[in-house]
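Chains as they are written, first to last, in this note's numbering: chain P, 1 to 85; chain H, 1 to 168. In this text, a Cβ means the ideal position worked out from N, Cα and C, and glycines have one as well. Values in this document were obtained by computation on a predicted structure and should not be read as measured data.
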């Protein structure tokens with residue numbers, strides 16, 4: 001399943017790209033699975049997600065928890081805790 | 001305000017459609033507030049909150065705000081919709097800027113309009129607490145006198161606690 005991934009703020013800087021389309025294997029079914037799979041793709045991902053419980057995720061522009069099922073998602077985003085306002 | 005009283009009042013005030021804008025340009029807080037009440041005679045309270053960029057004791061040249069286009073609009077609209085459900089509002093505007101913002105310039109605006117002052121105060125307070133922890137914006141510092149961009153602003157535990165005050 002191809003899915004678009006977006007990165008923001010220091011997660012974007014560490015990964016070194018703003019977005020990409022990836023095709024994780026079928027056993028990657030949750031946000032936590034996706035993070036674990038991304039971390040295996042290279043040291044920039046391992047660095048970005050080194051403290052992975054800090055990283056927030058959104059699926060199709062809605063905040064989700066790490067155990068959210070990603071099947072059918074069109075767009076998944078990873079970013080640090082928000083500091084707007 | 002007691003939740004049951006607020007909800008009883010909310011049932012008597014027609015539902016509003018909040019106005020949410022995400023923009024790079026400055027805004028005029030007074031103009032936004034007066035646009036909400038112009039021509040009305042049923043409004044009792046207007047609370048306008050404007051968040052400004054500080055210079056942090058002369059240390060900062062600017063803040064740069066990154067955002068998640070699309071989701072920033074959608075998430076603030078969700079928070080505004082929740083505010084409209086919780087409080088008896090006659091109008092609600094939320095504007096959040098992105099890009100480079102210098103000390104003294106405005107970053108965020110919330111205007112809450114209600115027949116009653118308590119609802120207007122609480123709606124604006126609620127909006128800011130939830131917006132800070134839910135709206136996808138990230139601040140980075142540009143220190144004065146340095147060519148290089150500074151670090152990302154860290155999230156604060158007190159902001160999470162402030163947001164949790166409204167969980168029910």
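Residues that residue 8 of chain P contacts on chain H, provided the C-beta gap is smaller than 9 Å
Under the 9 Å cutoff, chain H gives 66, 67, 68, 136 and 138.
For a contact defined as C-beta to C-beta under 8 Å, what are the partners of residue 92 of chain P on chain H?
The displayed coordinates of chain P run from 1 to 85. Any statement about residue 92 of chain P would go beyond what the structure contains.
Which residues DSSP lists as bridging residue 143 of chain H, in chain order
H/60, per the DSSP bridge assignment.
Rounded to a whole number of angstroms, what is the C-alpha to C-alpha distance between residue 185 of chain H and residue 48 of chain H?
With chain H covering only 1 through 168, there is no way to say anything about residue 185 of chain H.
Which residues, taken in chain order from the region 32-49 of chain H, show a beta carbon closer than 8 Å to some beta carbon of chain P?
Listed by position along the chain: nothing, the set is empty.
Measure the C-alpha to C-alpha separation of residue 74 of chain H and residue 134 of chain H and round it to an integer number of angstroms.
About 11 Å.
Classification of residue 139 of chain H by the beta-carbon crowding that lies within 10 angstroms, buried from 16 upward
Its Cβ being crowded by 16 or more others within 10 Å, residue 139 of chain H is buried.
In whole angstroms, give me the CA-to-CA distance for residue 9 of chain P and residue 42 of chain H.
If you take the alpha carbons of residue 9 of chain P and residue 42 of chain H, they lie about 44 Å apart.
Alpha-carbon spacing of residue 48 of chain P relative to residue 116 of chain H, whole angstroms:
Taking the straight line from one Cα to the other gives about 47 Å.
Under 8 Å Cβ-Cβ, which residues of chain H neighbour residue 63 of chain P?
Under the 8 Å cutoff, chain H gives 75 and 134.
Buried versus exposed call for residue 69 of chain P [16 or more other C-beta atoms within 10 Å across all chains shown]
Label assigned to residue 69 of chain P: exposed.
Does any residue of chain H have a CB that is nearer than 8 Å to the CB of residue 16 of chain P?
No, because no Cβ of chain H sits closer than 8 Å to the Cβ of residue 16 of chain P.
Determine the direct distance from the alpha carbon of residue 85 of chain P to that of residue 92 of chain H, and round the result to whole angstroms.
A direct Cα-Cα distance of roughly 16 Å separates residue 92 of chain H from residue 85 of chain P.
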